[in-house]
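Participant:
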Amino acid sequence: NAGVTQTPKFQVLKTGQSMTLQCAQDMNHNSMYWYRQDPGMGLRLIYYSASEGTTDKGEVPNGYNVSRLNKREFSLRLESAAPSQTSVYFCASSDFIRGLAGDRFLGEQYFGPGTRLTVT
Amino acid sequence: GNSVTQMEGPVTLSEEAFLTINCTYTATGYPSLFWYVQYPGEGLQLLLKATKADDKGSNKGFEATYRKETTSFHLEKGSVQVSDSAVYFCALSDLDDYKLSFGAGTTVTVRA
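So the protein lines, in turn, are chains A and B. In terms of the working numbering, the first sequence has 13 at position 13, counting the first letter as 1, and numbering is strictly consecutive. In terms of the working numbering, the second sequence has 1070 at position 70, counting the first letter as 1, and numbering is strictly consecutive.
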């Protein structure tokens, strides 16, 4: 199993250019996520997809769009890149675990290796 | 809303020293708590977790106990190695919530 894969690993864009970050998982997880990581700010959720066919905004969705193409793939698009979008982007996937009382806990999130994006 | 506060780094230690990274949380519900680790150049991976009060998560010599009374989930390791050098993130997720809330991360460097 490859787990979670992301392409590309590195990208340099000029302000105003567009690009799509690709993510795929082979663990049959229902939920997928896009985060950005900036120094001193931890990980911030951009968008997530709780299940195939649904997407929702996270903390910092402005300037991004997403597509849940199928259960395996979840892409992130920057329509008009800005220097403030310089960051490391991580894709992740997970599923819920059913507890003994029937409640649901978020299971382990599996992360891809990241895409380092620089916008000049 | 939910939030996680963890001690700021960076933390530099000598090999075999004791490591503690403090983590406290604010949550509206009854959350699950996690520690994730990020080794240089890699994505995050789960280190340990706890889903209810007084649960202790443990893995690779690391431990953390879910303390509801102090809303804390401090990470400890009794004797660190150079290979433990990484960024450590505390995180939480409410019951039935799809999302994780992360702390800012603590960079730990262990010197031989």
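Heads up, the beta-carbon is just placed ideally off N, CA and C, and yes, glycines get one too.
Against A50 (chain A), what residues of chain B qualify as contacts under a CB-to-CB distance less than 7 Å, listed in chain order?
Facilitator: Per Cβ cutoff of 7 Å: Y1098.
Participant: For a quick check, are the C-beta atoms of F111 (chain A) and G1043 (chain B) less than 8 Å apart?
Facilitator: Contact: yes.
Participant: Using only alpha-carbon positions, find the residue among A:G53, A:N28 and A:K14 that is nearest to Q85 (chain A).
Facilitator: It is A:K14.
Participant: CA-CA distance, D1054 (chain B) and H1074 (chain B)?
Facilitator: Using only the alpha carbons, I get a separation of about 12 Å.
Participant: Taking contact to mean at least 3 C-beta pairs separated by less than 8 Å, is the segment 70 to 77 of chain A in contact with the segment 95 to 107 of chain A?
Facilitator: Output reads no: the segment 95 to 107 of chain A does not touch the segment 70 to 77 of chain A.
Participant: Spell out whether any CB of chain B is found under 8 Å from the CB atom of D26 (chain A).
Facilitator: Cβ-Cβ to chain B under 8 Å: no for D26 (chain A).
Participant: Rounded to the nearest angstrom, what separates R68 (chain A) and V1004 (chain B) at their Cα positions?
Facilitator: Answer to the nearest angstrom: the Cα atoms are 29 Å apart.
Participant: From this set, B:S1093, B:T1012 and B:A1027, which residue's C-alpha is nearest Y1036 (chain B)'s C-alpha?
Facilitator: It is B:S1093 whose Cα lies nearest to the Cα of Y1036 (chain B).
Participant: On the three-state DSSP scale, how would you describe V1082 (chain B)?
Facilitator: Of the three classes helix, strand and coil, the one that applies to V1082 (chain B) here is helix, per DSSP.
Participant: Can you give the Cα-Cα distance for T118 (chain A) and S1032 (chain B), rounded to whole angstroms?
Facilitator: Distance between the alpha carbons of T118 (chain A) and S1032 (chain B) is about 34 Å.
Participant: Taking 7 Å as the limit between beta carbons, can you name the residues of its chain near A1027 (chain B), skipping five residues before and five after?
Facilitator: If we look at A1027 (chain B) and ignore the five residues flanking it on each side, its Cβ neighbours are N1002, L1092 and D1094.
Participant: Following the continuous beta strand (DSSP E) through T1106 (chain B), name the residue where it begins and the one where it ends.
Facilitator: T1106 to R1111 is the extent of the beta strand (DSSP E) around T1106 (chain B).
Participant: Contact between the segment 1100 to 1108 of chain B and the segment 1007 to 1025 of chain B: three or more CB pairs below 8 Å?
Facilitator: Touching, yes, given that three or more Cβ pairs across the two stretches are closer than 8 Å.
Participant: Since G3 (chain A) contacts M32 (chain A) with CB under 8 Å, what's their CB separation in whole angstroms?
Facilitator: About 13 Å; that fails the 8 Å criterion.
Participant: Excluding the five sequence neighbours on either side, which residues of its own chain have a C-beta within less than 7 Å of the C-beta of Q11 (chain A), listed in chain order?
Facilitator: Once the five neighbours on either side are set aside, the close Cβ partners of Q11 (chain A) are M19, T115 and L117.
Participant: When you compare only the Cα positions, how much space is there between G16 (chain A) and P8 (chain A)?
Facilitator: Distance between the alpha carbons of G16 (chain A) and P8 (chain A): 19 Å.
Participant: Got a sec: which bits of the segment 1033 to 1056 of chain B sit with their beta carbon under 9 Å from any beta carbon on chain A, in order along the chain?
Facilitator: Listed by position, the residues of the segment 1033 to 1056 of chain B near chain A (Cβ gap below 9 Å) are F1034, Y1036, Q1038, G1041, E1042, G1043, L1044, Q1045, L1046, K1049, T1051 and K1052.
Participant: Checking contacts by CB at 8 Å: is L1075 (chain B) closer than that to chain A?
Facilitator: With 8 Å as the cut-off, L1075 (chain B) does not count as an interface residue toward chain A.
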